[in-house]
Amino acid sequence: MITLNINGKDQAVDVPADMPILWALRDVVGLTGTKFGCGMALCGACTVHLDGQPIRSCVTPVSAATGKRITTIEAIGETPAGKKVQQAWLALEVVQCGYCQSGQIMSASALLTKNAHPSDADIDGAMSGNICRCGTYPRIRAAIKHAAKGA
Amino acid sequence: MNTVSRRDFVVVLTATGTGLLLGCRVGDRAGAATAAAASPPAFAPNAFIRIGSDGRVTLIMNQVEMGQGTYTSMPMLLAEELEVGLDQVQLEHAPPNDKLYANPFFGDQETGGSSSVRAFYEPLRRAGATARTMLVAAAAQTWDVDPTSCRAKRGVVTHMPTGRTLGYGALAEKAATLPVPDKIPLKDPKDFTLIGTAAKRLDTPDKVNGKAQYGIDVRLPGMKIATVAASPVLGGKVAGLDEAKAMAIPGVRQIVNLGDVVAVVADHMWAAKQGLAALAIRWDDGPNGGVSTADVVQGLDAASQQPGVVARTQGQVADALGGAAKKIDAVYQVPFLAHATMEPMNCTVHVQKDRCEVWTGSQTLTRAQGTAARVTGLPLESVVVHNHLLGGGFGRRLEYDWVTQAVRIGQRVEGPVKVVWTREEDMQHEFYRPYYYDRMAAGLDARGKPVAWSHRVVGPAILARYLPPAFKAGIDIDGVDAAVQLLYDIPAIQVEFVRHEEPVLNTTFWRGVGPTHNVFVIESFMDELAAAAQADPVEYRRALLGKAPRARAVLDLAAKAAGWGKPLPAGRGRGVALLFSGWGSYLAEVAEVEVSKAGELRVHRIVCAVDCGTVINPDTVKAQIEGGVNFGVSGALWGEITLKNGRVEQSNFNNYRVLRMNEAPTIEVHLVRNLEAPGGIGEPGTSITGPALANAVFAATGKRIRKLPLAAQLRSS
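Residue numbers (this note's numbering), protein chains in the order written: chain A, 1 to 151; chain B, 1001 to 1717.
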């Protein structure tokens, strides 16, 4: 048994220590908002926060999360940056199919938490690991700036 | 019709108060999410609208949501005439039923071909108007007044002279007893209050908080999770595997070896993945084991030497070419492409003796149901299919191979099983955009004006497999789409189709098919003609569009907005392209690119002018063009699936490169608004982008690239 702190709650999960956090969340705990996209930290769909830092949960084992706080898309709206990002996403109609957007929102929220007014280069740096096949990049960029204005 | 009780549904109330009834609760009974589902006595005058006596308005979505905004545009069509606000409706996925929900363009329940608005612009407005008329009639009968003295608005009927009101909920039971009227007049477009506005999308609130349910998110009691390896070579078989090693992995429950595919069934995906690796499957590749891309190209080239079936002809092309002052020939090639939807293929099944239940995200629900029935031998009515939001479609989910596979696996598994493909499995077992090989020839007169145009398309006939009635007289109307509609005023035009199948990879639609290569070919070649005539590419096209005013208008608009002709720094260039096809929309695009001395290509800016006739939601149109452009940038710059020893060489996003934030161009979309018939907008932005980029590369470097992808050609040149 491993104890994981997920969205503020301690949960004991009976999984091997090398299981990526992604599968613990989706297949064991039942939080399916975090998405599987590539399994190799190439697309960012699985991004969650570990003590506030964005990480790719498809390659990060649960053993790396013991004693740390995991935050997922289901709870990111409870953080100031996450709430602003979600609101900006809706205000600017960023979303299309939406499958990558959990990861996009997690990356954007982490960016705005540490950098309230990111430049275009900052946005490139924080967001280029998140692929969107629907091509919503122009709106993601605009929405991050929109959220920053509300900071 | 089946009925189910209210508790079978997960009702997700969004921030706006709009309810989305998407998907059904775990462990439900047969027929959840059917059109007839509602426990309060309901008014259901047609397959798209259900109004409960509690006033709840449910709209049933037969066209599926894969990002294109159809779960907003279809409700807008219904709500406009039904006289309800979008904040008053909830949506429900339609069940499979071709009789109720067929897309008239295809004859079955299908979401593809940029067709939803075109196909349902009138039928859904009529469905809404019919329901409203019956509700108004019910009110008029209740009050014993003339229905023309009543008005409906926001779900309430008001008797105008007296101000009496009745809500739709109170009228539902009575309305249900009235005959369904025919010949209902529709609103004059000038009276639209919803259609044409940038209404907020109804599917997005749940997509920013993790609540949205895609097929891959299905969870059922006792459900196992499986991942699969199908033969890496089409037609190959399992030669051997180490089952004991896989079964030794904690959490692995079962190995299902179907001969052409092996599934590892486990408690969770992590165990399934490890189990699959431990199997160390050995494959007997079969006859395709030695095939490489070069073999495919050789076959296409050989086929291209022979004339094809004539798909369009006017004037005497051979004579006009023979008499031309200048003749230009070119061969254009576009590669196999993967869709690489963000949500990998997945399907959950529960196969029992007398029934089969399927949970997936499909663009063709009745085909998914049909394949499950064929595999299990069950009658259609014993196969229940639950659709979901799609994590990308682009045509990939017009197929149902993964459903077939999941049902075959499910037949051998006790209880429900969710089959999830890894990214590698997904990329290497796609239905790809075909490799096309086009031969072009044109003749110019002494002043450089084209007098002859010959376009020979060589590739597979996808429609012959997918929609046989649409494959007529040897012509794949999709394969030649955009080529046969060529708008340029050229006296002699011939378009031929040479059907050439290369059955070493499965192929299908890819955010369009025909136009994804034809527009690249046509617009690149037109640029070649302009260059041969030493003419400006915009002016050259413009002079040939005297009979196509809508095309000329978007060309002018795009050129002006892009600052066509204004000087650019060294290494930069602008390219233009024009699109018209069976989609019925007119697009013009100007791309601005930069090519470094090392041959690195960067796309700075895209300006796209769009005339798609009547617009339902202008913001969705813009979003689709933005997304389509970026999909096209990925494809044109880097997209390429190659074969070696019968195997797809690409496996994940590290070697199948797609556009990322730091590479994404600025995109400007300019809409022409009019009341012409609606045109499709989901796919055109992709098709027009490749040629605009190739022409911009030519402007920047003088290099004419006739084979995609661009980046590889720039590196090798």
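Glycine is no exception: its CB is placed at the ideal position from the N, C-alpha and C atoms. This structure is a prediction, so every number in the text was calculated from the model and none was measured.
In the three-state reduction of the DSSP assignment, B:K1547 falls in the coil class. Taking a beta-carbon distance threshold of 7 angstroms, A:S119 does not count as an interface residue toward chain B.
For B:Q1369, same chain residues with a beta-carbon under 7 angstroms away, outside a window of 5 residues either side, are P1096, L1380, V1383 and V1385 in chain order. The beta carbons of A:S57 and A:L22 sit closer together than 7 angstroms. Separation of B:G1410 and B:A1548 (C-alpha to C-alpha, rounded to the nearest whole angstrom) is 55 angstroms. Chain order gives no chain B residues near A:C46, where near means a beta carbon separation below 8 angstroms; the closest approach is about 11 angstroms.
A straight line joining the alpha-carbon of B:T1642 with that of B:G1240 spans about 26 angstroms.
If you keep only unbroken beta strand (DSSP E) runs of at least 3 residues inside the segment 1290-1350 of chain B, you get 1309-1314 and 1326-1334. In the displayed model, B:I1462 falls within a helix according to three-state DSSP. B:K1211 sits in coil when the DSSP states are folded into three classes, being neither helix nor strand.
Cβ-Cβ separation between B:V1457 and B:P1344: approximately 32 angstroms, too far for a contact (criterion under 8 angstroms). Among the residues of chain B, those whose CB is under 8 angstroms from the CB of A:I140 are M1661, following chain order. The three-state reading of DSSP puts A:I140 in helix, counting H, G and I together.
In this structure, A:C134 places its C-beta atom within 7 angstroms of the C-beta atom of B:G1627. If you draw a 10 Å sphere on the C-beta of A:S119, you find fewer than 16 other C-beta atoms in it, and that means exposed.
The residue from B:A1094, B:L1100, B:E1065 and B:Q1088 with its alpha-carbon nearest to that of A:Q96 is B:E1065. One alpha carbon belongs to B:T1293, the other to B:E1594, and they sit about 30 angstroms apart.
The residues Y1586 and D1611, in chain order, have a CB closer than 7 angstroms to that of B:R1550 in the same chain once the five nearest residues on each side in sequence are set aside.
Taken in chain order, the members of the segment 1378-1405 of chain B whose beta-carbon sits within less than 9 angstroms of a beta-carbon on chain A are L1389, L1390, G1391, G1392, G1393 and F1394.
Distance from the CA atom of B:S1716 to the CA atom of B:Y1437, rounded to whole angstroms, is 20 angstroms.
Contact with chain A is absent for B:K1622, since none of that chain's Cβ atoms lies less than 7 angstroms from the residue's Cβ. Listed along chain A are V15, M19, W23, A24, R26, D27 and V28, each with a C-beta nearer than 9 angstroms to that of B:H1268. A residue is called buried when at least 16 other Cβ atoms come within 10 angstroms of its Cβ; B:K1183 does not meet this threshold and is exposed.
Taking 9 angstroms as the Cβ-Cβ cut-off, the segment 1207-1222 of chain B approaches chain A at K1207, V1208, N1209, G1210, K1211, A1212, Q1213, Y1214, I1216, D1217, V1218 and R1219, given in chain order. Under the criterion of beta carbons closer than 8 angstroms, B:A1246 and B:G1275 qualify as touching, at roughly 4 angstroms. Judged by beta-carbon spacing, B:P1665 lies within the 7 angstroms limit of B:R1605, meaning their Cβ atoms are closer than that value. Boundaries cannot be given for B:K1703, as no alpha helix (DSSP H) includes it and DSSP labels it neither H nor E. Taking the C-beta atoms as reference points, A:M19 is found no nearer than 7 angstroms to B:W1583. B:V1228: member of the beta strand (DSSP E) spanning K1224 to A1230, first to last residue.
Just measuring C-alpha positions, the residue of B:A1199, B:I1255 and B:I1475 sitting nearest B:A1226 is B:I1255. At a cut-off of 7 angstroms between beta carbons, B:M1247 makes no contact with chain A. Residue state for B:A1598 is assigned as coil, using DSSP reduced to three classes.
DSSP places A:F36 outside any alpha helix (DSSP H), giving it a letter other than H or E. In this structure, B:V1521 keeps its C-beta atom at 7 angstroms or more from the C-beta atom of B:D1478. Within the segment 1637-1668 of chain B, the residues whose Cβ lies closer than 9 angstroms to any Cβ of chain A are, in chain order, N1652, F1653, N1654, V1658, L1659, R1660, M1661, N1662, E1663, A1664, P1665, T1666 and I1667. In this structure the segment 98-118 of chain A does not lie against the segment 1078-1098 of chain B, because fewer than three pairs of beta carbons, one per stretch, are closer than 8 angstroms.
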